[in-house]
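Residue numbers (the working numbering), protein chains in the order written: chain A, 11 to 190; chain B, 11 to 190; chain C, 11 to 190; chain D, 11 to 190.
A virtual CB, placed ideally from N, CA and C, is assigned to each residue, including glycine.
The structure displayed is predicted, hence computed values, not measured ones.
Here the structure is laid out as structure tokens; the discussion comes afterwards.
Protein chains: 4
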Amino acid sequence: MLMNSEKSVLLIIDVQTKLAPAIHEGERIVTNCIWLAGVAGRVGVPTVITEHFPDKIGYTVPPLKAAAEGAHYVSKQCFSAQAGDVLAATMVAERRQVIVCGTEAHVCVQQTALDLRWTGKEVFVVADASGSRDPADRDLAFARMRSHGIEIVSREMVAFEWLKQGGTDLFRAINRDFIR
Amino acid sequence: MLMNSEKSVLLIIDVQTKLAPAIHEGERIVTNCIWLAGVAGRVGVPTVITEHFPDKIGYTVPPLKAAAEGAHYVSKQCFSAQAGDVLAATMVAERRQVIVCGTEAHVCVQQTALDLRWTGKEVFVVADASGSRDPADRDLAFARMRSHGIEIVSREMVAFEWLKQGGTDLFRAINRDFIR
Amino acid sequence: MLMNSEKSVLLIIDVQTKLAPAIHEGERIVTNCIWLAGVAGRVGVPTVITEHFPDKIGYTVPPLKAAAEGAHYVSKQCFSAQAGDVLAATMVAERRQVIVCGTEAHVCVQQTALDLRWTGKEVFVVADASGSRDPADRDLAFARMRSHGIEIVSREMVAFEWLKQGGTDLFRAINRDFIR
Amino acid sequence: MLMNSEKSVLLIIDVQTKLAPAIHEGERIVTNCIWLAGVAGRVGVPTVITEHFPDKIGYTVPPLKAAAEGAHYVSKQCFSAQAGDVLAATMVAERRQVIVCGTEAHVCVQQTALDLRWTGKEVFVVADASGSRDPADRDLAFARMRSHGIEIVSREMVAFEWLKQGGTDLFRAINRDFIR
Numbered sequence: 011m012l013m014n015s016e017k018s019v020l021l022i023i024d025v026q027t028k029l030a031p032a033i034h035e036g037e038r039i040v041t042n043c044i045w046l047a048g049v050a051g052r053v054g055v056p057t058v059i060t061e062h063f064p065d066k067i068g069y070t071v072p073p074l075k076a077a078a079e080g081a082h083y084v085s086k087q088c089f090s091a092q093a094g095d096v097l098a099a100t101m102v103a104e105r106r107q108v109i110v111c112g113t114e115a116h117v118c119v120q121q122t123a124l125d126l127r128w129t130g131k132e133v134f135v136v137a138d139a140s141g142s143r144d145p146a147d148r149d150l151a152f153a154r155m156r157s158h159g160i161e162i163v164s165r166e167m168v169a170f171e172w173l174k175q176g177g178t179d180l181f182r183a184i185n186r187d188f189i190r
Numbered sequence: 011m012l013m014n015s016e017k018s019v020l021l022i023i024d025v026q027t028k029l030a031p032a033i034h035e036g037e038r039i040v041t042n043c044i045w046l047a048g049v050a051g052r053v054g055v056p057t058v059i060t061e062h063f064p065d066k067i068g069y070t071v072p073p074l075k076a077a078a079e080g081a082h083y084v085s086k087q088c089f090s091a092q093a094g095d096v097l098a099a100t101m102v103a104e105r106r107q108v109i110v111c112g113t114e115a116h117v118c119v120q121q122t123a124l125d126l127r128w129t130g131k132e133v134f135v136v137a138d139a140s141g142s143r144d145p146a147d148r149d150l151a152f153a154r155m156r157s158h159g160i161e162i163v164s165r166e167m168v169a170f171e172w173l174k175q176g177g178t179d180l181f182r183a184i185n186r187d188f189i190r
Numbered sequence: 011m012l013m014n015s016e017k018s019v020l021l022i023i024d025v026q027t028k029l030a031p032a033i034h035e036g037e038r039i040v041t042n043c044i045w046l047a048g049v050a051g052r053v054g055v056p057t058v059i060t061e062h063f064p065d066k067i068g069y070t071v072p073p074l075k076a077a078a079e080g081a082h083y084v085s086k087q088c089f090s091a092q093a094g095d096v097l098a099a100t101m102v103a104e105r106r107q108v109i110v111c112g113t114e115a116h117v118c119v120q121q122t123a124l125d126l127r128w129t130g131k132e133v134f135v136v137a138d139a140s141g142s143r144d145p146a147d148r149d150l151a152f153a154r155m156r157s158h159g160i161e162i163v164s165r166e167m168v169a170f171e172w173l174k175q176g177g178t179d180l181f182r183a184i185n186r187d188f189i190r
Numbered sequence: 011m012l013m014n015s016e017k018s019v020l021l022i023i024d025v026q027t028k029l030a031p032a033i034h035e036g037e038r039i040v041t042n043c044i045w046l047a048g049v050a051g052r053v054g055v056p057t058v059i060t061e062h063f064p065d066k067i068g069y070t071v072p073p074l075k076a077a078a079e080g081a082h083y084v085s086k087q088c089f090s091a092q093a094g095d096v097l098a099a100t101m102v103a104e105r106r107q108v109i110v111c112g113t114e115a116h117v118c119v120q121q122t123a124l125d126l127r128w129t130g131k132e133v134f135v136v137a138d139a140s141g142s143r144d145p146a147d148r149d150l151a152f153a154r155m156r157s158h159g160i161e162i163v164s165r166e167m168v169a170f171e172w173l174k175q176g177g178t179d180l181f182r183a184i185n186r187d188f189i190r
């Protein structure tokens, strides 16, 4: 029910150079994906990043690549990253909880989240780190995903649930570098 | 869960000449119904169009008729198109997924969608292609339909789920003519 | 699933002279309760009206009394009209679908609706005919009731579902006197 | 389904001196927590108050301490008050219905509410007495909790359901001192 760092994998969908500028509040979305990748790294949660036809739509935006050290990159051609066996060799296959963010919320994020949910995963979509060109599409996607038992969360919910408690060195470091 | 072009039928409800001008944001709703009919035609999804007492309320608006080549037209007297056997001889009876749009969202669209859901169909109502005279009625209808397991989607969700993937000639054509 | 006039009873909660003026958009709420009582009368749906401590809070507002010919009045002391056996001798006990409206949405309307739902009734609360002093209370009540399977509807949904079809004398009369 | 004073316990989460000023609409949230503590005292519902690292974040704000006579205070280090056995010796363990409020809605309130729900409690979170620094986090938390069967209520719903009926001395006193 709550997110647990040992059961989690972070899945960042299609935050690519030619798509990000078209997204509503795109800068904020990218910033929050970077934030999540940074927290995941500190907490020890593995990160998987998808790229949709990167030769055409561009590769992952450089500051996210820099923040997501050790991430596993996969390339895809279907909108759903769960189509085919693109994710089969990644930590998404190993973990029960998949924390999903990226773009577009109503296309690749939603199709992936619904397909993952369909396989029985606990799926959490990070609202403030997911966007579409038109925010009306994004809002309909959040409501639709919710009706399938997908949890729509915020980046702070992710961080505080992964951390579980205050008073530790890890909490102090993340509180200082990310939350304040 | 996701819409699939081979399982889908598009059902356009009562977009008629004397009703459309009374609908809140009616021009946008009609434009998006035309858009859906166009995409359905390209993707090979059959289209069914209902008309409620067309001799009184007018026939389907001409640009939609033009866009929906090969559509099957049915006339109805009950608000729900599922009442009686109006749809029995159409592709709605043959397909498992019914993509519904038109007017009014809280009357004929909703009654049809709820009745179809009741028969076990997977029902998807396209929010940006469905309207009412009063938007408060439309919003209550969307929330009510959602509580019965009807999916409230956007026209782009329909197109991208029917297409499944990028990189094909079909995707490029639809992307060029409809999405951009 | 849809409202059916032969299975329905209209239950109007506490639209009383000393309470109505305190309700947010109270005039509109009262007008819409009168509208529903009028449509119910034409369609043949019985109406039950509750009054909470009428000697203190005042009796039902006169224009509603005038519109609700033949209504069954009951007096109550608990906020939920379903507490005790207040409704036991009314048509609420006889009908499977209870269409509820009145004030306050988050107190007597909600407690009654939840209790009725608990007994297995199909409960429909009419959003545009139900109010609270503070609209935030009303909105929380609608969302809470929805989560218990109570349908939040609009007055037009009630009328069109009771009518089922156009083209009849009854439809023309109601369309002329209530909908247009 | 409805809240019942004999089955209820009020659980106020982390309304502490160094956190409250950072909360969006913090003054209103604190005022409403005080209001709930006052009503609980009159109605005979026990109150439990948690404090998160009070030596660092400060103790419960003084006016709430004054209003919550006889409350049971517990100190915690995990964000969820249900983690460990912090609540095991309190009335939360004894009562079936837990009415939760406080801060932050999307961290300690939500984690506690979800964990309590997970144990089978009926959980009611008081929307107008719960807050976060960013209201977007609060709204996502309310929607997420709702999807787990947690009821999102208002403080007036709590009072009127605990009271059940008008006309009593207790109702008159609470109506005079709290509701009007």
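Sequence-distant residues of the same chain with beta carbon closer than 6 angstroms to residue i, five excluded per side
| i | result |
| --- | --- |
| residue 169 of chain C | 49 |
| residue 151 of chain A | 115, 116 and 120 |
C-beta neighbour in chain C for residue i, strict 9 angstroms
| i | result |
| --- | --- |
| residue 49 of chain D | no |
| residue 154 of chain D | no |
| residue 121 of chain B | yes |
Within-9 angstroms CB hit, residue i to chain A
| i | result |
| --- | --- |
| residue 128 of chain D | yes |
| residue 162 of chain B | yes |
| residue 62 of chain D | yes |
| residue 112 of chain B | no |
| residue 132 of chain B | no |
The beta strand (DSSP E) enclosing residue i, as first and last residue numbers
| i | result |
| --- | --- |
| residue 60 of chain B | 57 to 62 |
| residue 141 of chain C | 132 to 141 |
| residue 162 of chain B | 161 to 163 |
| residue 84 of chain C | 82 to 86 |
Neighbourhood of residue i by C-beta distance below 8 angstroms, restricted to the same chain and skipping five residues each side
| i | result |
| --- | --- |
| residue 79 of chain C | 51 |
| residue 164 of chain B | 136, 137 and 138 |
| residue 143 of chain D | 32, 33, 34 and 114 |
Cβ neighbour criterion (16 or more within 10 Å) applied to residue i
| i | result |
| --- | --- |
| residue 13 of chain B | buried |
| residue 125 of chain D | buried |
| residue 186 of chain B | exposed |
| residue 114 of chain D | buried |
| residue 155 of chain D | buried |
| residue 127 of chain D | buried |
| residue 140 of chain A | buried |
| residue 28 of chain A | exposed |
| residue 61 of chain D | buried |
| residue 166 of chain B | buried |
| residue 94 of chain C | exposed |
| residue 183 of chain C | exposed |
C-beta neighbour in chain B for residue i, strict 9 angstroms
| i | result |
| --- | --- |
| residue 174 of chain C | yes |
| residue 101 of chain C | no |
| residue 186 of chain C | no |
| residue 137 of chain C | yes |
| residue 12 of chain C | yes |
Enclosing alpha helix (DSSP H) for residue i [first to last residue]
| i | result |
| --- | --- |
| residue 111 of chain B | Unbroken run through residue 111 of chain B is the beta strand (DSSP E), 107 to 113; no alpha helix (DSSP H). |
| residue 126 of chain A | 120 to 128 |
| residue 19 of chain A | It is not in any alpha helix (DSSP H) - residue 19 of chain A instead sits in the beta strand (DSSP E) that spans 18 to 23. |
| residue 95 of chain C | Element bounds for residue 95 of chain C: n/a, residue is neither H nor E. |
| residue 42 of chain D | 36 to 53 |
From the options, residue whose alpha carbon lies closest to that of residue i
| i | options | result |
| --- | --- | --- |
| residue 171 of chain B | A:96, A:121 and A:101 | A:121 |
| residue 67 of chain A | B:176, B:184 and B:70 | B:176 |
| residue 98 of chain A | A:42, A:146, A:58 and A:29 | A:58 |
| residue 158 of chain C | C:91, C:26, C:145 and C:132 | C:132 |
| residue 208 of chain C | C:179, C:130, C:45 and C:118 | Outside the displayed span of chain C (11 to 190) sits residue 208 of chain C, for which this structure offers no information. |
| residue 178 of chain B | B:123, B:73, B:146 and B:53 | B:53 |
| residue 41 of chain C | C:11, C:55 and C:70 | C:70 |
Contacts around residue i, its chain only, beta-carbon distance under 7 angstroms, and the 5 residues preceding and following it disregarded
| i | result |
| --- | --- |
| residue 17 of chain A | 105, 106 and 107 |
| residue 103 of chain A | 97 |
CB contact check: residue i to chain D, cutoff 9 angstroms
| i | result |
| --- | --- |
| residue 85 of chain C | no |
| residue 58 of chain C | no |
| residue 30 of chain C | no |
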